[in-house]
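A.B. asks:
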Amino acid sequence: MSNHTRLKVLIVDDEPENIQLLMEALKHEYIITAAKTGEKALKLAGSNQPDIILLDIMMPGMDGYEVCRGLKANDQTRDIPVIFVTALNTTQDEVKGLECGAVDYISKPFKPAIVRARLKNHLELHNSRKELNKLRRCVENSPSTIVITDTEGNIEYANPAFTEITGYSTEEALGQNTRIMKSGMHEDSLYRDMWQVITSGRVWRGEIINKKKNGELFWEQASIGPIKNSRGQITNYVAVKEDISARKDLEKLKEDVERIMRHDLKTPLGGILGLSDLLLTEEGFNQEQMEMLGMINESGLRMLRMIDMSLDLFKMETDEYMYSPRQVEVRSVLQAVVDDVAPAFKSKNIHLLINTNQQQESSPLKMQAEEKLLYGILCNLIKNAFEASPRDEQIQINLSESPSPAISIENKGVVPEPIRDHFFEKYKTFGKTSGTGLGTYSAKLMAKTMGYDLKLDISVTRGTTRLSLVEAVTNSEGN
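Quick note on the working numbering: the sequence shown kicks off at 1 and runs consecutively.
(1) To the nearest angstrom, report how far apart Gly215 and Asn236 are at their CA atoms.
(2) Which residue or residues does DSSP assign as beta-bridge partners of Pro226?
(3) Does the region 327-334 come close enough to the region 293-311 that 3 or more CB-CB pairs lie under 8 Å?
(4) Assign Thr77 to buried or exposed, taking buried as 16 or more other Cβ atoms, counted over all protein chains shown, within 10 Å of its Cβ.
(5) Tell me which residue opens and which closes the alpha helix (DSSP H) that Gly206 is part of.
(6) Can you tell me whether DSSP reads Ser434 as helix, strand or coil?
(7) Within a Cβ cutoff of 8 Å, which residues of the same chain sit near Thr464, ignoring the five residues on either side of it in sequence?
(8) Is the CB-CB distance between Ile350 and Ile395 below 8 Å?
(9) In the DSSP assignment, find the beta strand (DSSP E) that holds Gly105 and state where it starts and stops.
(10) On the three-state DSSP scale, how would you describe Met367?
(11) Using three-state DSSP, classify Gln196 as helix, strand or coil.
(12) Tell whether a beta-carbon distance below 8 Å holds between Pro81 and His122.
(13) Which residue or residues does DSSP assign as beta-bridge partners of Glu242?
(14) Over what stretch of residues does the alpha helix (DSSP H) that includes Ala173 continue unbroken?
(15) State the Cα-Cα distance for the pair Gly376 and Asp340, rounded to the nearest angstrom.
(16) To test your reading of the DSSP string, which unbroken alpha helix (DSSP H) runs of 4 or more residues are found completely within the region 6-52?
(17) Can you grab the Cα-Cα spacing for the pair Leu250 / Tyr321, in whole Å?
(18) Which one or two residues does DSSP pair with Ser408 in a beta bridge?
(19) So the beta strand (DSSP E) Arg326 belongs to, where does it begin and stop?
(20) Would the beta-carbon of Glu370 fall within 8 Å of that of Met450?
(21) Taking a contact to mean a Cβ-Cβ separation below 8 Å, would you say Asp56 touches Asp13 in this structure?
(22) May I have the straight-line CA-CA distance separating Gly97 from Ser189, to the nearest angstrom?
(23) Under a three-way DSSP split, which group does Ala385 fall into?
(24) Which residues does DSSP pair with Ile155 in a beta bridge?
(25) Using a 10 Å radius around the Cβ and a threshold of 16 neighbouring Cβ atoms, would you call Ser2 buried or exposed?
(26) Taking the beta strand (DSSP E) that Asn355 falls in, what are its first and last residues?
(27) Work out the CA separation of Lys315 and Val197 for me, nearest whole Å.
(28) Using only alpha-carbon positions, find the residue among Met446, Ala41, Glu140 and Leu125 that is nearest to Met309.
(29) Around the C-beta of Ala158, are 16 or more other C-beta atoms found within 10 angstroms, so that it is buried, or is it exposed?
(30) Rounding to the nearest angstrom, what Cα-Cα distance links Lys383 and Ile419 in this structure?
(31) If you draw a straight line from the alpha carbon of Asn286 to that of Leu279, how long is it in whole angstroms?
(32) Determine, using beta carbons only, whether Met185 and Thr166 come nearer to each other than 8 Å.
(33) Going by CA-CA distance only, name the one from Pro403, Ala388 and Val473 that's closest to Thr467.
(34) Using DSSP bridges, identify the partner residues of Tyr459.
(35) May I ask you to report which of helix, strand or coil DSSP gives Lys444?
(36) Compare the C-alpha of Ile53 against each of Val67, Pro343 and Val9 and name the closest.
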């Protein structure tokens, strides 16, 4: 057996002959250290942390009883099992030794085989206790609710998380049936199915609404299964549960948002678009009226796109968006954005300049993307550049295909320092009287969804801000 797996034994005896006998009996199975005085034993126990201690009682100076009490008073050594090996063999001596905290008592003269057997048993017992203590700490510190019941559902154990979540103290819960948490929000068939599963020896998993002590309802994700004895008989049930109320609230919010978007907003909007489409085909309207109908129709379409994009952004935030990439021609998408935003640019006399570093400027620049997402990113970034740019300036849009397709948008004006570290965060704005703080956030989210990254570069010396859409760098180390 290697030194890395052998356990450590500390022998404490003032007689060298006794130390030698014990070392001979144990040296092939354990790592041995020895001390001839109680003071030395306490130091070695604290520094070397033996797995078990064999301790004589009658020693000059500090006797074995005092050493044992000293070990048990020290947090570092109190859990080390101590076996007295001594010539004192009266019942009173043995009782006194066990009362000091020893786990066993061996009388001299000892038989090496007996010492080895008892040592082995106590080390195994000590190791089992350590594992049980580790398991107990895991259960006690678990953020999940852990409840153990008898076969009738009466609570025999509940961890601190149970108290924190339900409001029932351990004393209040013990002996109570788990029905105290029944919410009344489920059909009886759910509970019948649950009991049918667990009484058959299987694990029931599901989501359930329970009730706290104060009457508040909450959702739990539960796994409930049987505990069996060595003969395979069910003796208890254990439930491990997680409070998922926040997730359920988010799901409800999602349902509400989708209902509002799809029904409460899109239904009347569909009527507006349908009527404007119909009127545009009718005759009898003058030029000004046709233009007004066209504006109504275009505004409706723009609102419809905003609603659809809002739904898509919500799905991206909840990792439910179904991304369908294809090769998208960048210039055509960019031109559509420019056409939409150009009228606003006139108010500040802002000019757009598009540069390329392609070998053949006439060749198409393509990116693996979704057209509507790429449109949304470019629209948000160009509008952001317009809002940040001083009057009579120029916004540069740079397209590049090497080493990989990339788009950058640069404007005069520097992002204010207080917001630089939060530039892509949701609802973050600075110095604006209007705006939601969603432009750069949603652009970053859409870029991430498509496998791209959005980078912010600020040049204080040049007084410019540049946002670049580039391929995300993936860490392939270890692949």
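Backbone N, C-alpha and C define an ideal beta-carbon position, used for all residues, glycine too.
C.D. replies: According to the structure shown:
(1) Counted from its first residue, the sequence shown places residue 215 at position 215. Counted from its first residue, the sequence shown places residue 236 at position 236. When only Cα atoms are considered, Gly215 and Asn236 end up about 27 Å apart.
(2) Working through the sequence shown from its first residue, we reach residue 226 at position 226. Partner(s): Tyr237.
(3) Counting Cβ pairs under 8 Å, fewer than three are found: no touch.
(4) To locate residue 77, count along the sequence shown from 1; it is residue 77. Buried, since its Cβ has 16 or more Cβ neighbours within 10 Å.
(5) As a first step, residue 206 must be located in the sequence shown, where it is residue number 206. Per DSSP, Gly206 lies in no alpha helix (DSSP H); the unbroken beta strand (DSSP E) holding it starts and ends at Trp204 to Lys211.
(6) Working through the sequence shown from its first residue, we reach residue 434 at position 434. Low confidence applies here, because Ser434 scores a pLDDT of 49, under 50, leaving its location unreliable and the question unanswered by this model.
(7) For the purposes of this step, residue 464 is taken as residue 464 along the sequence shown, with counting starting at 1. Cβ within range, chain order: Glu410, Asn411, Lys412, Gly413, Val414 and Ile458.
(8) Here residue 350 is taken as the residue at index 350 of the sequence shown, counted from 1. Here residue 395 is taken as the residue at index 395 of the sequence shown, counted from 1. For Ile350 and Ile395, yes; Cβs fall inside 8 Å.
(9) Here residue 105 refers to the residue found at position 105 when the sequence shown is read from its first residue. With the sequence shown as reference, residue 105 is identified as Tyr, and Gly is not the correct amino acid for it. Residues Asp104 to Ser107.
(10) In the sequence shown, residue 367 corresponds to position 367, counting from 1. Annotated three-state conformation of Met367 is strand, per DSSP.
(11) Along the sequence shown, one-based indexing puts residue 196 at 196. Gln196: helix per DSSP, three-state reduction.
(12) Walking along the sequence shown from the start, residue 81 turns up at place 81. Walking along the sequence shown from the start, residue 122 turns up at place 122. Yes, Cβ-Cβ distance for Pro81 and His122 is below 8 Å.
(13) Against the sequence shown, residue 242 aligns to sequence position 242. DSSP output for Glu242 lists Gln221 as bridge partner(s).
(14) Locating residue 173 in the sequence shown gives position 173, where the first residue counts as 1. Counting along the chain, the alpha helix (DSSP H) containing Ala173 begins and ends at Thr170 to Ala173.
(15) As a first step, residue 376 must be located in the sequence shown, where it is residue number 376. As a first step, residue 340 must be located in the sequence shown, where it is residue number 340. Gly376 and Asp340: Cα-Cα distance of roughly 12 Å.
(16) DSSP runs (the alpha helix (DSSP H)) wholly in the region 6-52: 16-26 and 38-48.
(17) Here residue 250 corresponds to residue number 250 of the sequence shown, with the count starting at 1. Here residue 321 corresponds to residue number 321 of the sequence shown, with the count starting at 1. Their backbone Cα atoms lie some 16 Å apart in a straight line.
(18) Here residue 408 corresponds to residue number 408 of the sequence shown, with the count starting at 1. Residue pairing from DSSP places Ser408 in a beta bridge opposite Asn398 and Ser468.
(19) Stepping through the sequence shown from its first residue, residue 326 is reached at position 326. For Arg326, the enclosing beta strand (DSSP E) stretches over residues Arg326 to Glu329.
(20) Taking the sequence shown and counting its residues from 1, one reaches residue 370 at position 370. Taking the sequence shown and counting its residues from 1, one reaches residue 450 at position 450. Their beta carbons are under 8 Å apart, which means Glu370 touches Met450 by this criterion.
(21) In the sequence shown, counting from the first residue as 1, residue 56 sits at position 56. In the sequence shown, counting from the first residue as 1, residue 13 sits at position 13. Cβ atoms of Asp56 and Asp13: closer than 8 Å.
(22) Counted from its first residue, the sequence shown places residue 97 at position 97. Counted from its first residue, the sequence shown places residue 189 at position 189. Straight-line measurement puts the Cα of Ser189 at about 60 Å from the Cα of Gly97.
(23) The residue given as residue 385 occupies position 385 in the sequence shown. Three-state DSSP puts Ala385 in a helix.
(24) Residue numbering aside, residue 155 sits at position 155 when the sequence shown is read from its first letter. In DSSP, Ile155 forms a bridge with Thr149.
(25) Position 2 of the sequence shown holds residue 2. For Ser2, the predicted model reports a pLDDT of 44, less than 50, meaning its position is unreliable; a value from the coordinates is still stated below. Under this definition Ser2 is an exposed residue.
(26) As a working note, residue 355 is residue 355 in the sequence shown. Element bounds for Asn355: His351 to Thr356.
(27) Within the sequence shown, residue 197 is the residue found at index 197, counting from 1. Within the sequence shown, residue 315 is the residue found at index 315, counting from 1. Cα to Cα, Val197 sits roughly 35 Å from Lys315.
(28) The count along the sequence shown starts at 1 and reaches residue 309 at position 309. The residue with the shortest Cα to Cα distance from Met309 is Met446.
(29) Translated into positions along the sequence shown, residue 158 becomes position 158. Buried.
(30) To locate residue 383, count along the sequence shown from 1; it is residue 383. To locate residue 419, count along the sequence shown from 1; it is residue 419. Their backbone Cα atoms lie some 18 Å apart in a straight line.
(31) Locating residue 286 in the sequence shown gives position 286, counting from the first residue. Locating residue 279 in the sequence shown gives position 279, counting from the first residue. Distance between the alpha carbons of Asn286 and Leu279 is about 12 Å.
(32) Position 185 of the sequence shown holds residue 185. Position 166 of the sequence shown holds residue 166. Going by C-beta atoms, Met185 is not nearer than 8 Å to Thr166.
(33) For the purposes of this step, residue 467 is taken as the residue at position 467 of the sequence shown. Checking the sequence shown, residue 467 turns out to be Leu, not Thr. In terms of Cα proximity to Leu467, the closest of Pro403, Ala388 and Val473 is Ala388.
(34) As a working note, residue 459 is residue 459 in the sequence shown. Reading off the sequence shown, one finds Ser at residue 459, where the question assumed Tyr. Ser459 is bridged to Thr464.
(35) Indexing the sequence shown from 1 puts residue 444 at position 444. Assigned with DSSP and collapsed to three states, Lys444 falls in helix.
(36) The residue you call residue 53 lines up with position 53 of the sequence shown. When only C-alpha atoms are compared, the closest one is Val9.
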